[in-house]
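Structure, as structure tokens:
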DNA sequence: TTACTTTATTGACACCGTGTCGTTAGGTAT
DNA sequence: ATACCTAACGACACGGTGTCAATAAAGTAA
């Protein structure tokens with residue numbers, strides 16, 4: 001791929017992206033107009049249409065970039081499959097760290113849910129990870145009491161829900177701490193003394 | 001309250017609501033115009049503005065009505081607080097039944113996520129129920145290993161996630177069966193032989 | 001039935017956001 | 001410095017919005 005991109009184009013695109021993010025902090029996506037994005041970026045409205053079909057495409061490129069970055073962080077390394085259940089899972093730690101790194105973006109997208117479609121994409125990434133874990137369990141001869149597809153839906157949504165809770169509450173704990181809680185919840189459950197087990 | 005509503009008004013409002021629901025099955029909410037809603041309902045566009053400020057208000061009334069109905073189904077009766085963990089929780093059963101009863105509506109709102117805002121409202125209803133359960137646990141001297149707020153976020157999202165999974169997969173199981181799975185998942189976990197517990 | 005009230009219809013209007021052009025101005029690479 | 005891109009600008013037609021005044025139709029009360 002000859003990815004020689006004109007520096008002016010890079011600059012222009014970055015300015016449109018920053019303008020959109022700034023506007024998303026102030027108002028709902030659907031109420032943002034191309035005119036506003038152009039004004040905020042101090043570029044001409046016609047210039048916008050030179051680079052994008054519409055504001056959907058601008059948003060899409062912004063999200064795709066972030067999702068690709070997130071997927072890389074969540075990639076399972078071979079040595080991570082067999083992890084110590086007493087320690088937080090490294091993938092969880094990296095996930096929480098990534099959300100701190102690109103905090104403005106994730107606050108807008110996940111905490112304030114300005115673009116609902118994005119949450120589904122993150123959910124799919126988490127589901128992939130959960131599914132890999134479930135496969136590992138099966139190989140290890142653990143049998144599911146509840147159908148696997150239901151278990152996967154349950155755990156995936158639970159993880160995502162806690163992540164969103166953490167963002168909405170301004171990240172009150174460290175990535176390591178949060179990763180530990182998720183690991184605990186999904187293995188031994190939330191209670192010290194589980195009345196439903198013996 | 002003198003709730004004598006002119007039958008013409010009732011009829012007109014119902015026609016606008018049905019038109020909106022029909023259109024939501026075909027396309028995204030944001031792409032639906034007031035003009036289309038009026039055409040579909042075979043009413044005049046000016047008539048629409050006689051009853052609603054904009055299409056947001058029409059949608060809001062439709063959702064508020066459904067949410068009030070759902071809240072009633074999920075109300076906890078006194079005798080339901082102490083339930084047998086071997087049986088499905090009656091509230092779950094009623095919840096799933098309600099989603100079958102108003103299936104077109106919940107397919108649109110939760111499975112196809114045509115109106116993301118609605119999911120949050122349902123989530124809040126489930127959270128209330130989860131919170132009541134957690135309170136009951138505390139009174140019963142069970143101590144949380146994970147901070148209660150995190151546990152609540154975890155369980156609430158897990159429940160909602162399974163409900164949405166069930167809707168998306170065209171309700172492959174009965175309300176009683178699904179309620180049983182949720183009860184099992186949140187008490188003893190998804191596995192027959194949990195390797196993380198002794 | 002009659003008279004009165006409320007609601008629905010119709011066509012028209014100004015306003016705003018969109019998407020597209022042709023032209024002019026200004027960076028970029030060689 | 002030259003030729004080549006790209007950005008800026010103003011203008012245009014189009015479509016959805018929200019409102020209005022005049023008229024028709026349907027419900028209500030006596």
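Residue numbers (this note's numbering), protein chains in the order written: chain A, 1 to 198; chain B, 1 to 198. Cβ atoms here follow ideal geometry from the backbone N, Cα and C, with glycine treated the same way. As the structure is a prediction and not an experimental result, all values here were calculated from the model.
Does DSSP classify residue i as helix, strand or coil?
{"i": "residue 88 of chain B", "result": "coil"}
{"i": "residue 8 of chain B", "result": "helix"}
{"i": "residue 157 of chain A", "result": "helix"}
{"i": "residue 114 of chain B", "result": "coil"}
{"i": "residue 171 of chain B", "result": "coil"}
{"i": "residue 102 of chain A", "result": "coil"}
{"i": "residue 200 of chain A", "result": "The displayed coordinates of chain A run from 1 to 198. Any statement about residue 200 of chain A would go beyond what the structure contains."}
{"i": "residue 122 of chain A", "result": "helix"}
{"i": "residue 76 of chain B", "result": "coil"}
{"i": "residue 182 of chain A", "result": "helix"}
{"i": "residue 198 of chain B", "result": "Low local confidence applies: a pLDDT of 43 at residue 198 of chain B is under 50, so the model's placement there is unreliable, with the coordinate-based value given in what follows. Correct three-state label for residue 198 of chain B: coil."}
{"i": "residue 65 of chain B", "result": "helix"}
If you draw a straight line from the C-alpha of residue i to the C-alpha of residue j, how long is it?
{"i": "residue 24 of chain B", "j": "residue 32 of chain B", "result": "8 Å"}
{"i": "residue 45 of chain A", "j": "residue 14 of chain A", "result": "15 Å"}
{"i": "residue 155 of chain A", "j": "residue 154 of chain B", "result": "9 Å"}
{"i": "residue 74 of chain A", "j": "residue 36 of chain A", "result": "35 Å"}
{"i": "residue 109 of chain B", "j": "residue 26 of chain B", "result": "13 Å"}
{"i": "residue 10 of chain B", "j": "residue 121 of chain B", "result": "26 Å"}
{"i": "residue 96 of chain B", "j": "residue 177 of chain B", "result": "10 Å"}
{"i": "residue 136 of chain B", "j": "residue 129 of chain B", "result": "11 Å"}
{"i": "residue 157 of chain B", "j": "residue 7 of chain A", "result": "44 Å"}
{"i": "residue 72 of chain A", "j": "residue 51 of chain B", "result": "51 Å"}
{"i": "residue 99 of chain A", "j": "residue 167 of chain A", "result": "8 Å"}
{"i": "residue 138 of chain A", "j": "residue 131 of chain A", "result": "11 Å"}
{"i": "residue 54 of chain B", "j": "residue 38 of chain A", "result": "27 Å"}
{"i": "residue 185 of chain A", "j": "residue 144 of chain B", "result": "10 Å"}
{"i": "residue 22 of chain A", "j": "residue 161 of chain A", "result": "25 Å"}
{"i": "residue 56 of chain A", "j": "residue 142 of chain A", "result": "45 Å"}
{"i": "residue 49 of chain A", "j": "residue 101 of chain A", "result": "31 Å"}
{"i": "residue 114 of chain A", "j": "residue 140 of chain B", "result": "40 Å"}
{"i": "residue 77 of chain A", "j": "residue 76 of chain B", "result": "46 Å"}
{"i": "residue 47 of chain B", "j": "residue 86 of chain B", "result": "54 Å"}
{"i": "residue 34 of chain B", "j": "residue 34 of chain A", "result": "22 Å"}
Would you mind working out which of the options sits nearest residue i, comparing C-alpha positions?
{"i": "residue 165 of chain B", "options": "A:151, A:170, A:159", "result": "A:151"}
{"i": "residue 169 of chain B", "options": "B:103, B:124, B:155, B:184", "result": "B:103"}
{"i": "residue 40 of chain A", "options": "A:55, A:56, A:20, A:51", "result": "A:20"}
{"i": "residue 67 of chain A", "options": "A:105, A:42, A:86, A:90", "result": "A:105"}
{"i": "residue 159 of chain A", "options": "A:126, A:76, A:99", "result": "A:126"}
{"i": "residue 212 of chain B", "options": "B:157, B:57, B:180", "result": "Any property of residue 212 of chain B remains undetermined from this structure, which presents chain B solely from 1 to 198."}
{"i": "residue 149 of chain A", "options": "B:163, B:22, B:134", "result": "B:163"}
{"i": "residue 183 of chain A", "options": "A:65, A:133, A:145", "result": "A:133"}
{"i": "residue 64 of chain B", "options": "B:119, B:145, B:171", "result": "B:119"}
{"i": "residue 112 of chain A", "options": "A:18, A:16, A:29", "result": "A:29"}
{"i": "residue 187 of chain B", "options": "B:123, B:88, B:100", "result": "B:88"}
{"i": "residue 174 of chain B", "options": "B:58, B:53, B:94", "result": "B:94"}
{"i": "residue 116 of chain B", "options": "B:59, B:34, B:171, B:143", "result": "B:59"}
{"i": "residue 147 of chain A", "options": "B:190, B:139, B:123, B:143", "result": "B:190"}
{"i": "residue 62 of chain A", "options": "A:17, A:114, A:143", "result": "A:17"}
{"i": "residue 70 of chain A", "options": "A:57, A:123, A:43", "result": "A:123"}
{"i": "residue 42 of chain A", "options": "A:49, A:142, A:12, A:56", "result": "A:12"}
{"i": "residue 107 of chain B", "options": "B:47, B:171, B:86", "result": "B:171"}
**OP:** Within the region 1 to 62 of chain A, note down every full beta strand (DSSP E) run reaching 3 residues or more, in order along the chain.
**Re:** Counting only runs that start and end inside the region 1 to 62 of chain A, there is no beta strand (DSSP E) element of at least 3 residues.
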